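Q: Quick one: this structure, given as structure tokens, is what I'll be asking you about.
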Ligand SMILES: [Zn+2]
Ligand SMILES: [Zn+2]
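Encoded structure:
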């Protein structure tokens, strides 16, 4: 996935989940670089983004 704040691309498994610092429980994936709280997205969206990115490159 790509961080919505800094644009850093990382695997969802690399992000920090369940940080314990978010109100109401953490259901997000925190960017390993800037710790931005990215909403966990279904895998197919990430795949679509990857395709679009490749086309636009
Ligand atoms: Zn980030
Ligand atoms: Zn969190």
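Numbering (our numbering), first residue to last: 603 to 659. Just so you know, even glycine gets a beta-carbon here, dropped at the ideal spot from N, CA and C. Quick caveat: nothing in here was measured; it's all calculated off a predicted structure.
How would you write the range of the beta strand (DSSP E) that residue 637 sits in, first residue to last?
A: Your numbering for residue 637 matches position 35 in the chain shown. Segment: none, residue 637 is in no beta strand (DSSP E) and carries neither H nor E.
Q: What does DSSP give as the partner residues of residue 604 in its beta bridges?
A: Within the chain shown, residue 604 is the residue found at index 2, counting from 1. Answer is 611, bridged to residue 604.
Q: Looking only at C-alpha atoms, which of 653, 633, 654 and 651 sits nearest to residue 605?
A: Counting from 1 along the chain shown, the entry for residue 605 is found at position 3. It is 633.
Q: By how many angstroms is the C-alpha of residue 619 removed from the C-alpha of residue 626?
A: Position 24 of the chain shown, counted from the start, is the residue given in the question as residue 626. Position 17 of the chain shown, counted from the start, is the residue given in the question as residue 619. Taking the straight line from one Cα to the other gives about 13 Å.
Q: Note down the Cα distance separating residue 577 from residue 614, rounded to an integer number of angstroms.
A: Summary: the structure shown does not reach residue 577, with the chain confined to residues 603 through 659, and so no result is reported for it.
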